[in-house]
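What follows is a short report on a single structure.
Number of protein chains: 2
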Amino acid sequence: MRSGERSPLILTVLEGIPLIRPGDDLAEILLQALEESQINLRDGDILVITQKIVSKAEGRLVDLQTVSPSKQALDLADKTGKDPREVELILEESTEVLRSRLGLIIVEHRRGFVCANAGIDHSNLDPGEDNNQDLVLLLPENPDQSAEELRRKIETKKYVRIGVVIIDSHGRAWRVGTVGISIGLSGLPGVVDLRGEPDLFDYRLRVTQIGAVDELAAAASLLMGQADEGYPAVHVRGFPYHLRDGSFEELKRDKSRDMFR
Amino acid sequence: MRSGERSPLILTVLEGIPLIRPGDDLAEILLQALEESQINLRDGDILVITQKIVSKAEGRLVDLQTVSPSKQALDLADKTGKDPREVELILEESTEVLRSRLGLIIVEHRRGFVCANAGIDHSNLDPGEDNNQDLVLLLPENPDQSAEELRRKIETKKYVRIGVVIIDSHGRAWRVGTVGISIGLSGLPGVVDLRGEPDLFDYRLRVTQIGAVDELAAAASLLMGQADEGYPAVHVRGFPYHLRDGSFEELKRDKSRDMFR
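Taken in sequence, the protein lines are chains R and E.
The number in my numbering is simply the position in the first sequence, starting from 1, with 3 added.
The number in my numbering is simply the position in the second sequence, starting from 1, with 3 added.
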């Protein structure tokens with residue numbers, strides 16, 4: 004299951020990534036940044052990137068002036084003190100509202116992860132020449148597919164077999180502080196299943212599914228910091244599991260198995 | 004706030020750590036393992052270790068044959084199908100039962116983190132010569148204090164300023180797969196507070212507290228894997244924040260602020 008266990012895990016930020024605009028070719032930008040950072044991609048390497056640069060390249064900006072809030076959005080805006088137009092977008096991006104309170108709406112995003120405000124972001128948006136402070140950024144339409152497309156483009160150019168992970172920063176139940184977490188991936192396992200593997204003393208391991216891609220997302224996020232447009236991409240060497248096809252779907256906990264809804 | 008942002012983050016497993024027995028001098032064992040791994044500790048380095056080796060060195064093994072379950076433990080054992088003696092220990096180690104179902108009890112551990120079965124562990128316990136399968140392992144009595152003691156011993160021997168993190172693997176609300184998480188720390192920040200720091204465009208950052216030590220715990224856990232007595236310690240170089248005094252207390256979410264209890 005594991006390979007090269009004794010290799011160190013090395014994470015390096017990519018230098019020279021410019022501010023991303025709608026329509027930018029992110030694969031090309033990442034390849035240039037790798038070159039600038041003097042990193043030669045090898046089989047087994049992984050690129051971890053923030054959702055923000057993916058969303059921007061995909062043009063997921065919305066001007067709140069174009070949004071008409073529904074009755075449900077108005078009610079929830081009243082309860083939470085949030086902009087009704089932003090609440091409308093949150094509801095459109097979600098399948099279910101789990102909790103809400105002043106300033107915060109916790110939802111199940113339509114892609115299946117639970118997060119605050121459907122991942123809609125105000126900060127680090129270049130207001131541009133018209134200084135439009137009503138712009139917000141939605142998450143990528145389909146992060147798994149975005150990761151897949153980036154991976155295939157980069158693999159084709161570089162003749163390597165890599166993984167690509169798209170991450171966001173999420174708050175957590177029970178603990179203070181956000182951590183990096185995967186919302187889309189391609190070319191590596193989301194969850195590593197050790198069921199049936201013996202431990203050192205041949206007991207059967209009881210805790211058997213490792214959220215490997217989320218552990219990697221957290222590691223990369225640590226280097227990126229929060230003002231994440233500065234360091235939106237991290238190169239990883241030494242991931243200790245074999246690469247394979249993978250998907251965010253592996254990380255979705257079935258609602259009926261989730262005791263904290 | 005951040006320093007040396009462009010340094011890579013490098014995680015290396017320590018070689019040659021033996022099976023740990025009650026009373027072992029863990030600081031001495033880690034120093035030997037660092038030597039064997041040809042790592043010279045530097046200021047700013049961090050050692051991440053599993054709770055299991057700390058608990059074992061501290062003699063936190065309990066023989067279930069010595070445990071008499073209370074009425075409450077018997078009831079909860081009935082509901083969950085777990086060994087009533089183990090349930091008794093779970094209750095003794097906890098301040099509150101949050102959820103329970105077949106095979107699983109989610110509690111607030113008396114140290115303040117929420118986890119399954121109060122972190123009590125069966126697997127990877129050396130059954131020893133008497134082949135006693137009734138041994139279980141409790142978490143360290145006070146993980147922050149254990150981390151502090153290890154840090155001070157190692158710093159004194161090596162004339163360096165380091166951080167020490169004790170981790171466990173926890174399941175999560177909403178997502179499949181366990182991730183490494185800190186239950187005790189010393190000499191580094193638990194949470195990095197960016198409140199008031201501007202983002203690239205001088206908006207005020209809204210998500211402002213980074214669970215830095217948990218991101219690091221996840222990174223180290225990725226290298227350790229699950230059968231964690233094999234690789235129970237990881238050396239980290241390149242942690243991107245300044246070291247300072249720190250404590251698990253920073254990570255505790257106040258109950259009244261927690262929407263998922």
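Positions of the beta carbon are idealized from the N, C-alpha and C atoms, including for glycine.
In the pairwise beta carbon analysis, the region 42-49 of chain E is classified as touching the region 157-172 of chain E: at least three pairs are separated by under 8 Å. What I13 (chain E) touches in chain R, judged by beta-carbon distance under 7 Å, is P11, I13, going in chain order. Within the same chain, Cβ atoms closer than 7 Å to the Cβ of S97 (chain R) are found at V110, E111, H112, R113, A121, the five residues on either side in sequence being excluded. A36 (chain R) has its alpha-carbon roughly 33 Å from the corresponding atom of V179 (chain E). By the 16-neighbour rule on beta-carbons within 10 angstroms, H245 (chain E) is exposed. Rounded to whole angstroms, the separation of the alpha carbons of R63 (chain E) and L141 (chain E) is 5 Å. For M227 (chain R), the closest of R:R24, R:L33, R:I52 by C-alpha to C-alpha distance is R:I52.
Chain E has a Cβ within less than 8 Å of the Cβ of Q212 (chain R).
A straight-line Cα-Cα distance of about 30 Å links P243 (chain R) and E253 (chain E).
Contact fails between the region 17-27 of chain R and the region 215-222 of chain R, because fewer than three Cβ pairs, one in each stretch, are under 8 Å apart. Rounded to the nearest whole angstrom, the CA to CA distance from V90 (chain R) to R104 (chain E) is 35 Å. In the structure shown, the three-state DSSP call for I184 (chain E) is strand. Using a Cβ-Cβ cut-off of 8 Å, R164 (chain R) does not count as an interface residue toward chain E, since no Cβ of chain E sits closer than that to its own. According to DSSP, residue pairing for E144 (chain E) in a beta bridge does not occur.
Counting other Cβ atoms within 10 Å of its Cβ, Q75 (chain R) stays below 16 and is therefore classed as exposed. Interface criterion not met: the Cβ of K156 (chain R) is under 8 Å from no Cβ in chain E.
Within the region 29-56 of chain R, the beta strand (DSSP E) runs of at least 3 residues that lie entirely inside it are, in chain order, 49-53. In the DSSP assignment, D81 (chain E) falls within the unbroken alpha helix (DSSP H) covering 74-83. At least 8 Å separates the beta-carbon of W177 (chain E) from that of D124 (chain R). Relative to the Cα of L219 (chain R), the nearest Cα in the group R:L138, R:A30, R:D48 belongs to R:D48. Within chain R, the residues placing a beta-carbon under 8 Å from that of D261 (chain E) are A176, W177, ordered along the chain. Ranking R:G249, R:R88, R:A221, R:V70 by CA distance to the CA of V195 (chain R) puts R:G249 first.
Under a criterion of Cβ atoms nearer than 7 Å, the residues of chain E adjacent to I109 (chain R) are, in order, M262. Against chain R, the beta carbon of K255 (chain E) has neighbours under 9 Å at W177, R178, V179, listed in chain order.
For V216 (chain E), the secondary structure class from DSSP, reduced to helix, strand or coil, is helix. When the alpha-carbon of I184 (chain E) is set against those of R:A222, R:Y162, R:Q68, R:G166, the nearest one is in R:A222.
Residues of chain R whose Cβ lies closer than 7 Å to the Cβ of S224 (chain E) are, in chain order, E218. In this structure, DSSP gives E18 (chain R) a state outside helix and strand, which the three-state scheme calls coil. Taking the C-beta atoms as reference points, L22 (chain E) is found no nearer than 8 Å to L33 (chain E).
A150 (chain E) is outside the set of residues whose beta carbon lies under 8 Å from a beta carbon in chain R. Membership of L94 (chain R) in the alpha helix (DSSP H) is indicated by the continuous run 87-95. Neighbours of R113 (chain R) in chain E, taken as residues at a C-beta separation under 8 Å, are lacking, since the least C-beta distance is about 15 Å. In this structure, G166 (chain R) sits near L188 (chain R), with a CB-CB distance shorter than 8 Å.
In summary, Y162 (chain E) is exposed, with fewer than 16 beta-carbon neighbours lying within 10 Å of its beta-carbon over all protein chains present. For R247 (chain E), the nearest beta carbon of chain R is not closer than 8 Å to its own beta carbon. The straight-line gap separating the alpha-carbon atoms of P146 (chain R) and E95 (chain E) is approximately 44 Å.
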